[in-house]
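S.K.: If you use numbering that gives the first Met the number 0, the sequence shown corresponds to residues 0 to 614, in order.
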Amino acid sequence: MGWIKHRDISLFVATCIVACAVQAQTYTIASPDKRIAVTCKPAEALYHIQYEGETILADSKLGVVRADEDFSQNLRPVNASAPVLVKDPYIMLNAKKRSITYIATKRVIETQTASGKKMNIIFQVSNDGVAFRYKFPEKSTDVKKITADATSFHFNEGARAWLQPKTEAQTGFEHTNPSYEAHYQMDIPTGTPSPGPNGWVYEYKINFPQAPEVFTNGKPTLNPESTLPWKTPWRIIIIGDLKTITESTLGTDLARPAKKMDPSFIKPGKASWSWVLKKDDSTVYSVQKRYIDFAADMKWQYCLIDAEWDKRIGYDSVKLLAEYAKQKGVGLMLWYNSAGSWNTVKFTPKDKLLTHEDRLREFGRLKAMGIKGIKIDFFAGDGQSMINYYLDILEDAAINQLLVNFHGATLPRGLHRTYPNLMTAEAVQGYEMITFNQRDADLAPAHSVMSAMVRNAFDPMDFTPMNLYKIPRIKRVTTAAFELATAVLFLSGIQHYVESPDGMSHVPEYVKDFLRKLPDSWEDVKFIDGDPGKLFVVARKAGSAWYVAGINGENREKQLTLDLTFLKNKKGYLITSGSAVGDEPSFETRKVVLPTAGKLNIVLNGNDGFVAVFE
Numbered sequence: 000m001g002w003i004k005h006r007d008i009s010l011f012v013a014t015c016i017v018a019c020a021v022q023a024q025t026y027t028i029a030s031p032d033k034r035i036a037v038t039c040k041p042a043e044a045l046y047h048i049q050y051e052g053e054t055i056l057a058d059s060k061l062g063v064v065r066a067d068e069d070f071s072q073n074l075r076p077v078n079a080s081a082p083v084l085v086k087d088p089y090i091m092l093n094a095k096k097r098s099i100t101y102i103a104t105k106r107v108i109e110t111q112t113a114s115g116k117k118m119n120i121i122f123q124v125s126n127d128g129v130a131f132r133y134k135f136p137e138k139s140t141d142v143k144k145i146t147a148d149a150t151s152f153h154f155n156e157g158a159r160a161w162l163q164p165k166t167e168a169q170t171g172f173e174h175t176n177p178s179y180e181a182h183y184q185m186d187i188p189t190g191t192p193s194p195g196p197n198g199w200v201y202e203y204k205i206n207f208p209q210a211p212e213v214f215t216n217g218k219p220t221l222n223p224e225s226t227l228p229w230k231t232p233w234r235i236i237i238i239g240d241l242k243t244i245t246e247s248t249l250g251t252d253l254a255r256p257a258k259k260m261d262p263s264f265i266k267p268g269k270a271s272w273s274w275v276l277k278k279d280d281s282t283v284y285s286v287q288k289r290y291i292d293f294a295a296d297m298k299w300q301y302c303l304i305d306a307e308w309d310k311r312i313g314y315d316s317v318k319l320l321a322e323y324a325k326q327k328g329v330g331l332m333l334w335y336n337s338a339g340s341w342n343t344v345k346f347t348p349k350d351k352l353l354t355h356e357d358r359l360r361e362f363g364r365l366k367a368m369g370i371k372g373i374k375i376d377f378f379a380g381d382g383q384s385m386i387n388y389y390l391d392i393l394e395d396a397a398i399n400q401l402l403v404n405f406h407g408a409t410l411p412r413g414l415h416r417t418y419p420n421l422m423t424a425e426a427v428q429g430y431e432m433i434t435f436n437q438r439d440a441d442l443a444p445a446h447s448v449m450s451a452m453v454r455n456a457f458d459p460m461d462f463t464p465m466n467l468y469k470i471p472r473i474k475r476v477t478t479a480a481f482e483l484a485t486a487v488l489f490l491s492g493i494q495h496y497v498e499s500p501d502g503m504s505h506v507p508e509y510v511k512d513f514l515r516k517l518p519d520s521w522e523d524v525k526f527i528d529g530d531p532g533k534l535f536v537v538a539r540k541a542g543s544a545w546y547v548a549g550i551n552g553e554n555r556e557k558q559l560t561l562d563l564t565f566l567k568n569k570k571g572y573l574i575t576s577g578s579a580v581g582d583e584p585s586f587e588t589r590k591v592v593l594p595t596a597g598k599l600n601i602v603l604n605g606n607d608g609f610v611a612v613f614e
């Protein structure tokens, strides 16, 4: 996933494995509001995109190569459908918006090679961006392989980029990379050489991954394969300003509709979690009982018990904890090692989920124990078999009414629409890294802004935010108000908080009340202000209330005048940093009545934040 800026127009690029081409004719597909236009030139295997008449992507290459045929050149058009309007209303339980209607112009261009092999190019252009994919419509029982991807994105000269480098597979802790845990390279010229061997690889936001996307030195190390017919996933490009990107739902618009399942067990919420601050030694009965009490006191729905619970506590005692938690109105989540030959991690439980039969046995046992969900860690990248493993887990978890959190994992790629029991996924350099070393703590302000704006654009993100007091052996550079704001800015179906019972005891009661009443899911979002890596302010709606939050990613004071005209004359309250000096979390709160002009003035210190609530 990358974010590119040219003048005042921004592009959010999300990719998969796809292509496009046709012959002598050119084909144009315009958005419903006519502001975006895509032109495909088949004879040259090129496409370009314009926004309000200005070229956003210059002629860019299209095409893929199969082992049995080259679909990246010398295609000729057979037929092109007339533009049709696509309309797809749907509901999301775990996203930036609840009721969503995707509207786009669709056009299908049918092509074939000189030998007569067919490929359809499918374009869908909405008011907020462009999506395209390929379909091989012929029928075949023998397996076809994609061996090369010719697709490119030709950005205009002077474009700037905010991109995340992808780590090399089978590197890192116990050979657990890639898991999208890297800091963004910010405000760099497009075309900047990669600092590593893999080049810039965008964080994929795709409809339904069917192929591995692991590339080394520009060459695929694994080839996607399938019988025919075969649809490749979507490539998605959001086009517009920061407001467009922040409010877009293209990542779920193009995902497959929700699988049929009983939705009664799918309950977003918040969770206590001991491991992030207290590490392995906290996985004992007494500490987990205390964290259950902590969750109950904070009106949080879940408590996560991390690695080695099967050895340090045991199944029978965890069942007792689950029964105790139920009495307190809290559900338990349990950690698992994804296992397999792809990593050397020894933490248990492991080797419990590798087959359908294993999963049904283990998940059935958890359901009988009263467990509400699972956190599965240390996956093996984006290969086709691994993607299928994710899907199999989600299917079998749903059968046993278990919620799922993927950790050390790939990006969700819109899967939380298809599988509503997918609550969240890490796929980010999250808060646990801040607890490990000072460098990550020092980078946290700008990294948090980028994570909220880019990584969290479509998919739930298990960043595990919000430390309001202290981190052992680490000096936090953000204010407590910054940390509080991330509870609103970051989207996750289950938000696992860093803060401990001890730390929360140092927090004013009005801050605790804010966290107790914080909604578990959102209905709408509005972009208020922002600059990649420097500032992010959004408003989120739940019921009749709007929650406004912002964080300053730079260590300098900023005076903000926020345009909240959609909330004019509304009453509410504001929580900001206080003036107290020392280790105690410093907050101030005051009542706010927005004037008719709807403007709110706020001063943020360096690495600071705020929250406001209006009803």
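In this text, a Cβ means the ideal position worked out from N, Cα and C, and glycines have one as well.
Per the DSSP calculation, H153 is bridged to which residue(s)?
M.R.: One-based indexing of the sequence shown puts residue 153 at position 154. DSSP, once it has assigned bridges, lists A57 as partnering H153.
S.K.: For L421, collect the residues of the same chain with a Cβ closer than 7 angstroms to its Cβ; drop the 5 residues on either side in sequence, then sort them by chain order.
M.R.: Locating residue 421 in the sequence shown gives position 422, counting from the first residue. Cβ within range, chain order: L393, V403, P411, L414 and H415.
S.K.: Confirm, please, whether the CB-CB distance from Q111 to V64 is below 8 angstroms.
M.R.: By 1-based counting over the sequence shown, the position of residue 64 is 65. By 1-based counting over the sequence shown, the position of residue 111 is 112. No, these two residues do not count as a Cβ contact at 8 angstroms.
S.K.: Please name the residue in D58, A103, M385 and S59 whose C-alpha comes closest to that of D32.
M.R.: Along the sequence shown, read from residue 1 onward, the residue named residue 32 stands at position 33. If we check each option's Cα against that of D32, A103 comes out closest.
S.K.: Do the CB positions of V107 and I121 come within less than 8 angstroms of each other?
M.R.: Walking along the sequence shown from the start, residue 107 turns up at place 108. Walking along the sequence shown from the start, residue 121 turns up at place 122. It is a contact, given that the beta carbons lie within the stated cut-off.
S.K.: With a cut-off of 8 angstroms, do at least 3 Cβ pairs link the segment 161-170 to the segment 271-285?
M.R.: no
S.K.: By a C-beta neighbour count over all protein chains shown, 10 Å radius and 16 as the cutoff for buried, is F154 buried or exposed?
M.R.: Counting from one through the sequence shown, the residue named residue 154 turns up at place 155. Classification of F154: buried, given that the 10 Å Cβ count is 16 or more.
S.K.: To the nearest angstrom, how far is it from the Cα of Y509 to the Cα of S281?
M.R.: Position 510 of the sequence shown, counted from the start, is the residue given in the question as residue 509. Position 282 of the sequence shown, counted from the start, is the residue given in the question as residue 281. Roughly 28 angstroms between the two C-alpha positions.
S.K.: Please list, in chain order, all residues of the same chain as R515 whose beta carbon is under 7 angstroms from its beta carbon, the five residues on each side excluded.
M.R.: As a first step, residue 515 must be located in the sequence shown, where it is residue number 516. Correct list, in chain order: M297 and K298.
S.K.: Please say whether F131 and M118 have beta carbons closer to each other than 8 angstroms?
M.R.: Numbered from its first residue, the sequence shown carries residue 118 at position 119. Numbered from its first residue, the sequence shown carries residue 131 at position 132. No, they are not a contact pair.
S.K.: Just mark L566 as buried or exposed, buried being the case when its beta carbon has 16 or more other beta carbons within 10 Å.
M.R.: Along the sequence shown, one-based indexing puts residue 566 at 567. By the neighbour-count criterion, in which a residue is buried when 16 or more other Cβ atoms sit within 10 angstroms of its Cβ, L566 is buried.
S.K.: Please say whether N604 and E556 have beta carbons closer to each other than 8 angstroms?
M.R.: Position 557 of the sequence shown, counting from 1, holds the residue named residue 556. Position 605 of the sequence shown, counting from 1, holds the residue named residue 604. Yes; because the gap between Cβ atoms is below 8 angstroms, this pair is in contact.
S.K.: Let me check one thing: in DSSP terms, what residues is S271 bridge-paired to?
M.R.: Position 272 of the sequence shown, counted from the start, is the residue given in the question as residue 271. According to DSSP, S271 bridges with C302.
S.K.: Less than 6 angstroms between C-beta atoms, sequence neighbours within five positions excluded: which residues of the same chain meet that for P267?
M.R.: Position 268 of the sequence shown holds residue 267. Around P267: N93, G492, D519 and S520.
S.K.: Express the C-alpha separation of K269 and M368 in angstroms, rounding to a whole number.
M.R.: In the sequence shown, the residue the question calls residue 368 occupies position 369. In the sequence shown, the residue the question calls residue 269 occupies position 270. Here the alpha carbons of K269 and M368 stand approximately 21 angstroms from one another.
S.K.: Determine, using beta carbons only, whether I291 and A338 come nearer to each other than 8 angstroms.
M.R.: Reading the sequence shown from its first residue, position 292 is the one you call residue 291. Reading the sequence shown from its first residue, position 339 is the one you call residue 338. No, the pair does not count as a contact, with Cβ atoms beyond the cut-off.
S.K.: Taking the C-alpha atoms as reference points, what is the distance between G577 and Q494?
M.R.: Position 578 of the sequence shown holds residue 577. Position 495 of the sequence shown holds residue 494. So the two alpha carbons sit approximately 25 angstroms from each other.
S.K.: Tell me which same chain residues have a C-beta within less than 6 angstroms of the C-beta of T25, skipping the five on either side of it?
M.R.: The residue labelled residue 25 in the question sits at position 26 within the sequence shown. Contacts found: T38 and K40.
S.K.: Leaving aside the five residues before and after G328 along the sequence, list all residues of the same chain whose C-beta is less than 7 angstroms from its C-beta, in chain order.
M.R.: Against the sequence shown, residue 328 aligns to sequence position 329. Hits under 7 angstroms: A295.
S.K.: Compare the Cα-Cα distances from G532 to each of T560, K143 and W161 and report the closest residue.
M.R.: As a first step, residue 532 must be located in the sequence shown, where it is residue number 533. Residue W161 is the option with its Cα nearest to G532.
S.K.: What is the residue span of the alpha helix (DSSP H) that M449 lies within?
M.R.: Looking up residue 449 in the sequence shown gives position 450. Q437 to M449 is the span of the alpha helix (DSSP H), which, as asked, contains M449.
S.K.: Checking 8 angstroms against the spacing of the C-beta atoms, do N342 and F293 come in under that value?
M.R.: Position 343 of the sequence shown, counted from the start, is the residue given in the question as residue 342. Position 294 of the sequence shown, counted from the start, is the residue given in the question as residue 293. No, these two residues do not count as a Cβ contact at 8 angstroms.
S.K.: Let's test the definition: count the other Cβ atoms within 10 Å of the Cβ of S384 and tell me whether it reaches 16, buried, or not, exposed.
M.R.: In the sequence shown, the residue the question calls residue 384 occupies position 385. The Cβ neighbour count for S384, taken over all protein chains shown within 10 Å, is under 16; the residue is labelled exposed.
S.K.: On the three-state DSSP scale, how would you describe G382?
M.R.: Taking the first residue of the sequence shown as 1, we reach residue 382 at position 383. Looking at G382 - three-state DSSP - the assignment turns out to be coil, as it is neither helix nor strand.
S.K.: Report yes if the C-beta distance between V506 and P584 is below 8 angstroms; otherwise report no.
M.R.: Position 507 of the sequence shown, counted from the first residue, corresponds to residue 506. Position 585 of the sequence shown, counted from the first residue, corresponds to residue 584. Result yes, Cβ atoms of V506 and P584 sit closer than 8 angstroms.
S.K.: Here's the rule I'm using: 16 or more other beta-carbon atoms within 10 Å means buried, otherwise exposed. How should T27 be labelled?
M.R.: As a working mapping, residue 27 is identified with position 28 in the sequence shown. Looking at its Cβ environment, which holds fewer than 16 other Cβ atoms inside 10 Å, T27 is exposed.
S.K.: Taking its Cβ as the centre, do 16 or more other Cβ atoms sit within 10 Å of T251, making it buried, or is it exposed?
M.R.: The residue given as residue 251 occupies position 252 in the sequence shown. Label assigned to T251: buried.
S.K.: Is it buried or exposed, D87, if we count other Cβ atoms within 10 angstroms and call 16 or more buried?
M.R.: Within the sequence shown, the letter at position 88 stands for residue 87. The residue is exposed, with fewer than 16 neighbouring Cβ atoms inside 10 Å.
S.K.: Taking the CB atoms as reference points, tell me whether L483 and L467 lie closer together than 8 angstroms.
M.R.: Counted from its first residue, the sequence shown places residue 483 at position 484. Counted from its first residue, the sequence shown places residue 467 at position 468. Yes, these two residues count as a Cβ contact at 8 angstroms.
S.K.: Buried or exposed: which applies to A486, given that a residue is buried once 16 or more other Cβ atoms fall within 10 Å of its Cβ?
M.R.: For this step, residue 486 is matched to residue 487 along the sequence shown. In the assembly as shown, A486 is a buried residue. Its beta-carbon has 16 or more other beta-carbons within 10 Å.
S.K.: Taking just the CA atoms, how far does W545 sit from D611?
M.R.: If you number the sequence shown from 1, residue 611 lands on position 612. If you number the sequence shown from 1, residue 545 lands on position 546. What sits at residue 611 in the sequence shown is Ala, not Asp. Rounded to the nearest angstrom, the two C-alpha atoms are 8 angstroms apart.
S.K.: Suppose you measure from the CA of D562 to the CA of G597; what does that come to, to the nearest Å?
M.R.: The residue you call residue 562 lines up with position 563 of the sequence shown. The residue you call residue 597 lines up with position 598 of the sequence shown. Distance between the alpha carbons of D562 and G597: 6 angstroms.
S.K.: Taking the straight line between their C-alpha atoms, what separation do you get for Y622 and M465?
M.R.: With the chain covering only 0 through 614, there is no way to say anything about residue 622.
S.K.: Which runs of the beta strand (DSSP E) spanning at least 3 residues fall entirely within the segment 300-356, listed in chain order?
M.R.: 301-304 and 330-336
S.K.: Indicate whether T417 and A538 have their beta-carbon atoms separated by less than 8 angstroms.
M.R.: To locate residue 417, count along the sequence shown from 1; it is residue 418. To locate residue 538, count along the sequence shown from 1; it is residue 539. Their beta carbons are not under 8 angstroms apart, which means T417 does not touch A538 by this criterion.
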